[in-house]
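Here the sequence shown is numbered in our numbering, starting from 161 and rising by one per residue. The beta-carbon is built from N, C-alpha and C at its ideal position, and this holds for glycine as well. Okay, so here's the structure we're looking at.
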Amino acid sequence: MHLKINAIDRLTTSSPSSEDLLWVVWQLCGLARSDCGRQALLALVHFPEALSALIAILHSVRESDPVAPNCGASPLNLTIFHSTAEIFEVIVSDSTASSLGAWIGHAKELHRVLHSSSPGSSKKDAPARLLDWIDASVVYHRSGAIGLLRYTAILASGGDAHMASTSLLASDGMDVDNVIGDSSCTDGNIIENMLGKRITEKDFPGVVLRDSSVVQLTTAFRILAFISDNSAVTAALYDEGAVMVIHAVLINCRLMLERSSNIYDYLVDEGTECNSTSDLLLERNREQTLLDLLIPCLVLLINLLQKLKEAKEQHRNTKLVNALLQLHREVSPKLAACAADVSYPYPSFALGFQAACHLLVSALACWPVYGWTPGLFHFLLDSLHATSVLALGPKEICSLLCLLNDLFAEEGVWLWENGTPTLSVLRTLAVRTLLVPKKEKEINWFLQAGFREKLLAQLNPHLSKIAQIILYCSASTLVVIQDMLRVFIIRIASISADNDSVLLRPMILWIRDRLSEELPLSDLDSYKR
């Protein structure tokens, strides 16, 4: 570890294009190959001189080996350039506000040096990936929050909105200014024309986004979520149609997560030739990128919905509620699968699913707490009971129980002496780990005093329906489902014992009926008779 810290010091003193610099950059780049190493590299954001040194390295490579059609970079400089870009990628792809604040001021310079110096032809190499990560920040510097929102609308609708230094849309060569318009003029019709009618008047099926588009959207929403703490910015984004853009992104993410759910069936299908290990890793990586996109997207949505409450507006958006619930039905079973495996080797993956579930619940809580239309519990339980309770699938059951548990304050993970629920630790750590403890308090707004009573008042008329679902699930042998049941019953009982009796009555009656029935004769007794 001392050698790694010493490498940061040597970074600022090594001569450009030297073997010593290559060795220093190579050491730091090696840290990027592990989770703990990436966390260590993020310490660079607290040292502006280190970031400036990295940018200077990129500049020095360009100046010493200018890229021209008939000449290429030297192997030494090529390695230094790619390694430096890989270090920057770790910083730029980090979700925390401190990392964003550290690099975004360098975005235009970074974009310029990367775009004009492209040693290497692979579209998957570190410089190309880094260009995707910083693309949205260049749009933000040029066109502001409104321009960035319109940029996300283009991407969310399935357009390739990659903006090069020439400010062109790579997909069709259109001038970006003709698409996003004058960002100083807020005209909601631009986004309305791109997405609004497709979402409000028709059934928007969603689109499968390119990997580069997911990355670009992730950075864009991180910036928008960060600046939406300013109430004036939030109001402007809402007026411009930010909720419609988020709605489209939620549908797209749900579609892509739904497709990834079937990857195992594809892998074990007879006659299919594929490398199962590599395909599973690829799917896991895609799911991780979707989680990285969902988290800032949902943070922005929560800020927008809170702004509506401050304006005392009665929000009616049935399709948005449905989109949030459908997405929760895709995310929560994946979370349960991670929690069920006590030796799960990807903790950040599990934390991402838990954070996404928590944020979805925080957004959905606005409807019952603020009395918006449709009523969340009425809408949720009516859709579940459209058929028989017996027809409920594992996704619906898992989503319902996970949502109900997250709506009420946890009992305290440290109070469990034995049999700690599998999801409790994840719920305690997820948001504060991926965001910050201060942000966790904002996300848990619905757990404040007074809101719990409103939630329970909205839930009370539906407790008998939930009791039937509990009876149906009580025979499950899945540990995660058993944990969800006992946690929900405990949390409701801690508020009111009467409510608890309503939930348990069908189960108690069922047990009583089974005990009162005449026991059937065993095969041996029948034979004796």
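CB of residue i within 8 Å of CB of residue j, strictly
i    : j    : result
H518 : I603 : yes
L615 : V529 : yes
F648 : L536 : no
L453 : I406 : no
M667 : S634 : yes
H630 : L583 : Reading off the sequence shown, one finds Ile at residue 630, where the question assumed His. The answer is no: Cβ separation not under 8 Å.
I294 : H275 : no
A569 : R612 : yes
L484 : L520 : yes
G401 : E473 : no
I217 : H266 : no
R149 : W532 : With the chain covering only 161 through 689, there is no way to say anything about residue 149.
D254 : L202 : yes
Straight-line gap, residue i to residue j (C-alpha atoms, nearest Å)
i    : j    : result
A245 : T172 : 16 Å
I650 : E249 : 45 Å
H622 : A523 : 21 Å
S676 : L669 : 10 Å
R419 : V221 : 42 Å
I264 : L495 : 32 Å
N390 : V591 : 21 Å
Y300 : C457 : 16 Å
T593 : T256 : 9 Å
V403 : A200 : 36 Å
A286 : R646 : 47 Å
R444 : L417 : 10 Å
S492 : K479 : 20 Å
A516 : D195 : 20 Å
K598 : T588 : 14 Å
V374 : Q608 : 34 Å
L638 : L564 : 18 Å
G197 : Q628 : 49 Å
T449 : P507 : 15 Å
N620 : L290 : 51 Å
V368 : L236 : 39 Å
Q618 : A313 : 35 Å
F606 : P208 : 38 Å
D658 : R665 : 11 Å
I455 : A385 : 10 Å
R674 : G610 : 42 Å
7 Å Cβ shell around residue i - same chain, five flanking residues per side excluded
i    : result
A296 : L308, Y311, Q376, T379, A380, I383
C189 : S243, E246, I247
V205 : I251, S258, S259, A262
R489 : K555, E556, S559
A395 : K467
V393 : A305, I387
A210 : I168, L171, T172, L204
H219 : V273
A499 : A510, T582, L583, L586, V640
Cβ neighbours of residue i in the same chain (closer than 8 Å, five flanking residues each side left out)
i    : result
L163 : Here L163 scores only 47 on pLDDT, less than 50, and its place in the model is too uncertain to base an answer on.
S656 : L616
E470 : S391
E179 : L236
D566 : C517, H518, V521, R587
Contacts around residue i, its chain only, beta-carbon distance under 6 Å, and the 5 residues preceding and following it disregarded
i    : result
G366 : I411, N412, L415
R707 : Within the shown structure, residues of the chain are numbered from 161 to 689, placing residue 707 beyond reach of any answer.
Q486 : R414
S317 : M354, L355
Expected contact under 8 Å - CB spacing of residue i and residue j to nearest Å
i    : j    : result
K625 : L541 : 5 Å
A408 : I350 : 14 Å between Cβ atoms; not a contact.
A510 : L586 : 6 Å
I240 : L315 : So it is not a contact: roughly 32 Å between Cβ atoms.
W527 : V481 : 6 Å
F513 : L451 : 7 Å
L464 : Y398 : 5 Å
Ranges of the beta strand (DSSP E) found wholly within the region 183 to 256, counting only runs of at least 3: none
Runs of alpha helix (DSSP H) wholly within the region 605 to 638 (minimum 4 residues, chain order): 611 to 619, 623 to 633
Segments of 4+ residues assigned as alpha helix (DSSP H) that fall wholly inside the region 262 to 317: 267 to 276, 286 to 316
Alpha helix (DSSP H) runs contained entirely in the region 517 to 561, provided each spans 4 or more residues: 526 to 530, 536 to 544
4-residue-minimum alpha helix (DSSP H) runs that sit fully inside the region 434 to 472, ordered along the chain: The region 434 to 472 is shown to contain whole alpha helix (DSSP H) runs of 4 or more residues at 436 to 470, in chain order.
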